[in-house]
Amino acid sequence: MDAKDLLKKVKEDDIKFISFQFIDVLGSVKSVDAPVAQLEGALENGIWFDGSSVEGFARIQESDMHLRIDPETYAVLPWSPPELRRARVFCDIFHPDGTPFAGDPRGSLKRALQKLKEERGWTYNVGPEPEFFLFRRNGTESIRPVPHDVGGYFDFSPNDEAVRVRTELMEALNTMGLEVEVGHHEVALGQHEIDFRFADALKAADNVVTLKYTVKAIAAQHGLIASFMPKPIFGINGSGMHCHQSLFDKDGNNLFFAENDPFHLSQIAYGFIAGQLAHARALSAVVAPTVNSYKRLVPGYEAPVYIGWAQINRSALIRIPRYTPGMHKATRAELRCPDPSCNPYLAFNAMLKAALDGIDRQLTPPAPLNNVNVYEMDASERHERGVAELPGSLRQALEELEKDEVIQSAFSPSLYEAFMRAKWVEWDEFRTQVSDWEIERFLETA
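For the sequence shown, the residue numbers in my numbering are 52 to 497.
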């Protein structure tokens, strides 16, 4: 879609307002809104905004930023009322002199994918599976998570209110350009998953951002709270965002597929897997980037904790879905440690950097962990097999990132500095807080 097509489409859809959206370093959506009459001028001249107050963007003395519209990302916001019909477009961020802004996470991923295509002729595809909870409010003063339904994994109930909400969500996402493949109840009470068709990593990241704010908006219309927090309730499964990944060449061939390999994986696929395993501890700081992420990454709740790969073992960090004859294009590697609190643009960029390092260095992954429940192995057995663990806290993950130049290369210097500053502040605030658990445990006994 070019500028002319966008103007025509906006008129056909009777749009009244346009949200010009971009993403900060933490993955939060920022928006500059304008009446639709301003769109033609914005397409020609861009939109100026003050970047000094946006996390990770600019210092006061260099605050002017320039948004340029990506017309391909146009979508109507289906929850807006007809008389105030709104649409959104994502934007790329530039300096006043016309150079790309290095602190733009979306622009950074876009440039990395363009380099991959120009230098190797490859496309990096990602199929994310974000999980989320639907909660009711419990009281008016504060939010305490109360599951919205009583369903279990893949449960069906014709009178389940959650099914109706999820169906409405899927319809809204389809109208916004996401090719929704399936929606279902997850393991925990109130937990859901909506899967959409894989796409190149930039569109996949756009889709994750779109899904998150669409789910929140439509849940709110039903008096519900949608949460993508990795571990909102102790003692039950948390929410992950498993990412199915593949590389395609310019002719549309899946570079992961090999006919004669026992797992039907090519040498490129093995290098890809080995690279992500080799950098997994540092990578976790980007794909599981909050203090709460490490409440999910513990044994016993189907979350990956141990660094290994397998075809049928869901305790492994990377899983290879079983090959179906004739389905060459479906050969892929599923990374299971990301969660939906991540900035998908930074996460997919870092995942790609780790994978390319494994391919370029021709790394070989360790033996697969098939038919082994790593959760039941003791520390000596894991050590004997060479099975390492993911970091146990955000602090450990950040320390690993500080040592890993490959994962750091997914960031520009300004993005890296902003990300690390924000995450160390988060860790420091977390470690100095006094939790309800501590009060209950120690107030009267200490």
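Virtual Cβ for every residue (Gly too), placed ideally from N, Cα, C.
Since the model is a prediction, treat every value here as computed from it, not as a measurement.
- Residue 139 has 70 and 126 as its beta-bridge partners, per DSSP.
- Here the C-alpha atom of residue 121 lies approximately 9 Å from the C-alpha atom of residue 94.
- With three or more CB-CB distances shorter than 8 Å, the stretch 252-261 counts as touching the stretch 158-177.
- Closest in C-alpha terms to residue 343, from the list 282, 150, 332 and 267, comes 282.
- With contacts defined by Cβ atoms closer than 9 Å, residue 387 and residue 369 form a contacting pair.
- Considered as a whole, the stretch 132-180 harbours 156-171 as its complete alpha helix (DSSP H) runs of no fewer than 4 residues, in chain order.
- Between residue 244 and residue 310, the CB-CB gap reaches or exceeds 9 Å.
- Assigned with DSSP and collapsed to three states, residue 402 falls in helix.
- Contact between residue 364 and residue 288 is ruled out by a C-beta separation of about 17 Å, above the 8 Å threshold.
- Taking 4 residues as the shortest admissible run, the stretch 259-337 contains the following complete alpha helix (DSSP H) segments, listed from N- to C-terminal end: 318-329.
- For residue 466 against residue 76, the beta-carbon gap comes to about 6 Å, under 8 Å, which counts as contact.
- A distance below 9 Å separates the beta carbons of residue 68 and residue 135.
- Annotation: residue 92 is outside any beta strand (DSSP E); the continuous alpha helix (DSSP H) that includes it extends over 90-96.
- Of all C-beta pairs linking the stretch 407-414 to the stretch 422-435, fewer than three are shorter than 8 Å, placing the two stretches out of contact.
- Annotated three-state conformation of residue 430 is helix, per DSSP.
- Counting along the chain, residue 471 sits inside the alpha helix (DSSP H) bounded by residues 464-483.
- Take residue 226, set aside five residues on each side of it, and the residues of its chain with a beta-carbon closer than 7 Å to its own are 127 and 129, in chain order.
- Taking the CA atoms as reference points, residue 139 sits about 12 Å from residue 265.
- The shortest C-alpha to C-alpha distance from residue 408 to any of 323, 58, 221 and 280 is the one to 323.
- In chain order, 393 place their CB closer than 6 Å to the CB of residue 340, counting only its own chain and leaving out the 5 sequence neighbours on each side.
- For residue 247 and residue 297, the gap between their C-alpha atoms comes out near 15 Å.
- Here residue 336 has 448, 449 and 452 as same chain residues with Cβ atoms under 6 Å from its own Cβ, once five neighbours each way along the sequence are excluded.
- Secondary structure note for residue 58: its alpha helix (DSSP H) is the uninterrupted segment 54-63.
- Pairing residue 256 with residue 149, the inter-Cα distance amounts to about 25 Å.
- DSSP places residue 446 inside the alpha helix (DSSP H), whose first and last residues are 445-454.
- A Cβ-Cβ separation of about 14 Å leaves residue 79 out of contact with residue 70 under the 8 Å criterion.
- Shortest Cα-Cα distance from residue 175 to any of 306, 355 and 377 involves 306.
- Listed as beta-bridge partners of residue 86 by DSSP are 68.
- It is roughly 16 Å from the alpha-carbon of residue 171 to the alpha-carbon of residue 317.
- Ranked by Cα distance from residue 385, the options 354, 301, 430 and 276 are led by 354.
- The Cβ atoms of residue 419 and residue 360 lie closer than 9 Å to each other.
- Counting every other CB atom within 10 Å of its CB across the protein chains shown gives residue 156 a total of 16 or more, marking it as buried.
- For residue 358, the enclosing beta strand (DSSP E) begins and ends at 357-361.
- No Cβ-Cβ contact shorter than 9 Å links residue 277 with residue 145.
- Residue 216 and residue 273 have their C-alpha atoms some 8 Å from each other.
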